[in-house]
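Read the structure below first, then the notes.
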Amino acid sequence: MDAPQVEAAPATAVLPSEGVDALLAELARQGYEVRGPTLRDGVIVHDVLDHAEQLPRGVGDLQGPGRYRTTERGDDAYFGYAVGPTSAKRELFPPRQPLWSAVSVGDADFEIIEADRASPRVALFGLRPCELAAIAIQDRVLLHGAVPDEVYTANRADLLLVGVECGDPAATCFCTSMGTGPGTDRGADLLMTELLEGDHRFLVRAPTAAGAAILAALDTRPATEEDLRARDTVLREAAEGIERHLDVEPIHDLLLGNLEHPRWDDIAGRCLACGNCTLVCPTCFCTTVEDTTDLAGTSAQRERRWDSCFSLDFTHTGPASVRNTTRARYRQWLTHKLATWIDQFDTSGCVGCGRCITWCPVGIDLTVEVATIQRTSEDPAAPARS
Amino acid sequence: MTVLDAPVEVPTRGALTSRPYQVTSVRHQTHDIVTIDVAPQQHPIAFKPGQFDMVYVYGVGEAAISISSDPAMPGLLSHTIRAVGWVTKALNDLQPGTTIGIRGPYGRPWPLQEAEGKDLVVIAGGIGMAPVRPAIVQALRHRERFGRIVLLKGARSPRDLVFRDDLDRWHADRGIDVHVTVDSAVRGWSGRVGVVTKLIPRVPFDPENSVILLCGPEVMMWFSAEALLARGVPAERIYVTLERNMKCGVGSCGHCQLGPVFLCRDGPVFSWDEVSALLDVREL
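Just so you know, the sequences run in chain order E and R. Numbered according to the working numbering, the first sequence spans residues 14 to 399. Numbered according to the working numbering, the second sequence spans residues 54 to 337.
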């Protein structure tokens, strides 16, 4: 348990299912703008939440390689689905971020206007353990690097995180391989577990003072042994329901020892180099910058936006692209995510959320690709397995 | 800590915001290479040889450019730029008096301190002179600290030779042994003809007690490194500076990755033993 010792033991309470609205109201009362899961265009995305009716209650999902469908669960579960395409990255490190602007002064001079970094106090509601793990990775990359990123830092400040453990993972999930789920004891201010058996209720823990302040204001009752056992059952069944597996231990040396493996060619025959995987990935952080002016050239804007290592001009030396082939670009993405990320940030870049599998239009599954390379590897450092 | 390794101010706040500099002169080096001298509108920022800046042209964009001026005079900052893309073409067309934006300096510098007491061998191809020029200027200022100082300078043709004033001056300077060669000559060229790597086996320096600074096209660096290794220079004392496009300069935009390294943050200067295996992988 890595929680700071300065705080009291986390408060644990039980919130009846009808209490979700009161929880959202309390977050608003304490000055948070709440963003959480809601159904839009047949997909569960994160958006502004004012009340519990906006939550996708009774909605489930069916996910597979290149496949996502929402379903009717036939119950009242608030969180009976796995992650959708949006992640906290969209809130903390938005797709488009103004860096600064400038106005021309005379013919040859200009003046820089810094971007306004003031952001509302935000509570991200309903984040899954893999999402919380992704935020921890982004913290390491964008907050604790040599030069903290100013956009991420501003959005991360005063952020309240409300996590919800997973009771119904998707077929594309592999958090158990990455050690990020389906349950967690940290990474959020409030941690909720939805208990559907018996009385529909939530077990709520508050690992931080900010979370405890929310929890204390709600109409709850103390958790019993039975409630805690119910949580254990939910998490055990969720873990047992996870079908995919990634063999993490040898992965760094396996991938970097197989940069010329024929499987990269095989993947390149399927990969469209569309970049969907990088956009839905909750940790991919690559960006580019766009410069624009108004028609008269009196003002200029610099805007940063998400970029993807799948684009041809992503890396070039002089005018010449470095990675001309889809093979090289997919290899860059996967080896960075699973191997060189560890060299750079002392953590994997993958949390096992499965988004890159679900949202790949041709259903490329990194767990299958890694296993195939592993099975057919000729590198003695990475022995083939059956 | 010596003068050569004075602390460098690392920008941490507003790391992505340019500071205004006024262009004081634009010196045309070749048909597509200029050196732009700028003066800061605020206090100057110290830099080390081999570091680079992100240079912004109003409304056009930003590019990573090596600093080519004397580190002892950070108030007289120069960048030498070949017109390749939109931004570098706009930089080539600048007029004196224009304001441009600069942020930096960024990156790991040349290990001049390590070269003290040893021979310093600088090998530059084409515009590869730009990032090594501050190292030569600084080493000559502290001449007594080094053994031999040797410059091997290659260019495609005489008309592609940059920093001719420096070359003329250094030719007359007994403190530095300058060898210039061109790949193909034209009428009136009385100097050497041939690729710069061919000079490596012949010029006088002590391979076992030297530090090499190497900058040029990747293929030229490969052949140079091989010639240096063949002569007995250890890989860890051959330093190269690498180039890839960059959007941030601080290791967060992802563009300049080469395997595990970010060129901007971990380089652009690397020892040959650090990067040769990475450079050996096609399209890495």
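Here a beta-carbon is modelled for each residue, glycine too, at the ideal position from N, C-alpha and C. Fair warning: this is a prediction, and the values are worked out from it, not measured in the lab.
With respect to the beta strand (DSSP E) encompassing Asp219 of chain R, which residues constitute its N-terminal and C-terminal limits?
Segment 217-224 is the alpha helix (DSSP H) holding Asp219 of chain R; no beta strand (DSSP E) there.
Determine the burial state of Pro187 of chain R: buried for a count of at least 16 other Cβ atoms within 10 Å of its Cβ, exposed for fewer.
With 16 or more other Cβ atoms within 10 Å, it is buried.
In chain R, which residues lie with their C-beta within 7 Å of the C-beta of Asn337 of chain E?
Under the 7 Å cutoff, chain R gives Glu336.
What residues are listed by DSSP as bridge partners for Val79 of chain R?
Paired residue(s): R:Ile89.
Arg336 of chain E: which of R:His308, R:Gly320, R:Phe315, R:Arg318 sits nearest, CA to CA?
Cα-wise, what sits closest to Arg336 of chain E is R:His308.
Does the contact criterion of 3 or more C-beta pairs under 8 Å hold for the stretch 131-148 of chain E versus the stretch 351-358 of chain E?
These segments do not touch.
Please list the partners that Pro295 of chain E has in chain R, where partner means a Cβ-to-Cβ separation under 7 Å.
Under the 7 Å cutoff, chain R gives no residues; its nearest Cβ is about 15 Å from Pro295 of chain E.
What is the rounded straight-line gap between the Cα of Lys251 of chain R and the Cα of Arg284 of chain R?
So the alpha carbons of these two residues sit roughly 12 Å apart.
Considering only residues of the same chain and omitting the five flanking positions on each side of Arg135 of chain R, which have a CB-CB separation below 7 Å?
Once the five neighbours on either side are set aside, the close Cβ partners of Arg135 of chain R are Asp85, Ile86, Thr141, Ile180.
If we count the other Cβ atoms within 10 Å of its Cβ and call it buried at 16 or more, is Asn289 of chain E buried or exposed?
Asn289 of chain E is buried by the Cβ-count criterion.
Counting only beta-carbon atoms, is Ser71 of chain R nearer than 8 Å to chain E?
Yes, because at least one Cβ of chain E sits closer than 8 Å to the Cβ of Ser71 of chain R.
Under the three-state reduction of DSSP, which class applies to Pro64 of chain R: helix, strand or coil?
Because Pro64 of chain R sits at a pLDDT of 43, beneath the cut-off of 50, its placement in the model cannot be relied upon, and the following sentence gives the value as read from the coordinates. DSSP places Pro64 of chain R in coil when its eight states are reduced to three.
Is there a Cβ from chain R that is less than 8 Å from the Cβ of His349 of chain E?
So yes, His349 of chain E belongs to the interface.
Please classify Trp139 of chain R as buried or exposed, where buried requires at least 16 other C-beta atoms within 10 Å of its C-beta.
When all chains shown are included, Trp139 of chain R counts as exposed.
Please report the straight-line C-alpha distance between Glu253 of chain E and Ala333 of chain E, rounded to a whole angstrom.
Rounded to whole angstroms, Glu253 of chain E to Ala333 of chain E spans 49 Å at the Cα level.
What does DSSP give as the partner residues of Asp106 of chain R in its beta bridges?
Its beta-bridge partners are R:Ile118.
Between which residues of its own chain and Val33 of chain E is the CB-CB distance below 8 Å, once the five residues before and five after are set aside?
Taken in chain order, the residues that qualify are Ala65, Leu68, Tyr91, Phe215.
Return no unless some Cβ of chain E is closer than 8 Å to the Cβ of Cys306 of chain R.
Interface residue, yes.
Which runs of the alpha helix (DSSP H) spanning at least 4 residues fall entirely within the stretch 214-248 of chain E, listed in chain order?
Correct list: 222-229.
Start and end of the alpha helix (DSSP H) containing Pro165 of chain E?
It is worth fixing the name first, because residue 165 of chain E is Tyr in this sequence and not Pro. It spans 163-169 - the alpha helix (DSSP H) in which Tyr165 of chain E sits, taken as one unbroken run.
Within its chain, find whatever has a CB closer than 6 Å to the CB of Arg317 of chain E; leave out the 5 residues flanking it on each side and keep chain order.
Excluding residues within five positions, the ones whose Cβ falls inside 6 Å are Gln110, Leu112, Thr300, Val302.
For Thr385 of chain E, name the three-state secondary structure that DSSP assigns.
Looking at Thr385 of chain E - three-state DSSP - the assignment turns out to be helix.
Going along the chain, which residues of its own chain have a beta-carbon closer than 7 Å to the beta-carbon of Arg48 of chain E, five neighbours each way excluded?
Excluding sequence neighbours, Arg48 of chain E sits near His59, Asp60, Val61, Leu62, Glu104, Val135, Leu137, Phe138.
By how many angstroms is the C-alpha of Thr166 of chain E removed from the C-alpha of Thr371 of chain E?
Their backbone Cα atoms lie some 30 Å apart in a straight line.
Where does Pro396 of chain E fall in DSSP's three states?
With a pLDDT of 48 at Pro396 of chain E, under the threshold of 50, the modelled position of that residue is not reliable, and the figure given next carries that caveat. Pro396 of chain E falls in the coil class under three-state DSSP.
Evaluate contact between the stretch 121-134 of chain E and the stretch 93-103 of chain E, counting only Cβ atoms and requiring at least three cross-stretch pairs below 8 Å.
At 8 Å Cβ cutoff, the stretches do not touch.
By how many angstroms is the C-alpha of Cys301 of chain R removed from the C-alpha of Thr55 of chain R?
With a pLDDT of 34 at Thr55 of chain R, under the threshold of 50, the modelled position of that residue is not reliable, and no figure is offered here.
Entirely within the stretch 112-147 of chain E and at least 3 residues each: give me those beta strand (DSSP E) ranges in chain order.
Counting whole runs of 3 or more residues, the stretch 112-147 of chain E contains the beta strand (DSSP E) stretches 122-127, 135-140.
Would you say Ser390 of chain E reaches chain R, if we count a Cβ-Cβ gap shorter than 8 Å as a contact?
By this cut-off, Ser390 of chain E is not an interface position.
Just confirm the distance between the C-beta atoms of Ile255 of chain E and Thr189 of chain E, as a whole number of angstroms; I'd bet it's less than 8 Å.
Between Thr189 of chain E and Ile255 of chain E the Cβ distance is about 5 Å, and since that is below 8 Å, they are a contact.
Please list, in chain order, all residues of the same chain as Ile89 of chain R whose beta carbon is under 7 Å from its beta carbon, the five residues on each side excluded.
Excluding positions up to five away in sequence, the list reads Val76, Val79, Ser131, His132, Ile134, Leu144, Leu147.
With 16 other CB atoms within 10 Å as the buried threshold, where does Glu382 of chain E fall?
Its Cβ being crowded by 16 or more others within 10 Å, Glu382 of chain E is buried.
Give the range of the alpha helix (DSSP H) segment to which Cys188 of chain E is assigned.
Taken as a continuous stretch (DSSP letters only), the alpha helix (DSSP H) holding Cys188 of chain E covers 188-191.
DSSP on Ala101 of chain E, reduced to helix/strand/coil?
Three-state DSSP puts Ala101 of chain E in coil, outside helix and strand.
Name, going along the chain, the residues of the stretch 357-371 of chain E whose beta-carbon falls closer than 7 Å to a beta-carbon of chain R.
Per Cβ criterion, the list reads Gln357.
Is DSSP giving Pro211 of chain R helix, strand or coil here?
In the structure shown, Pro211 of chain R sits in a helix (DSSP, three-state: H, G or I).
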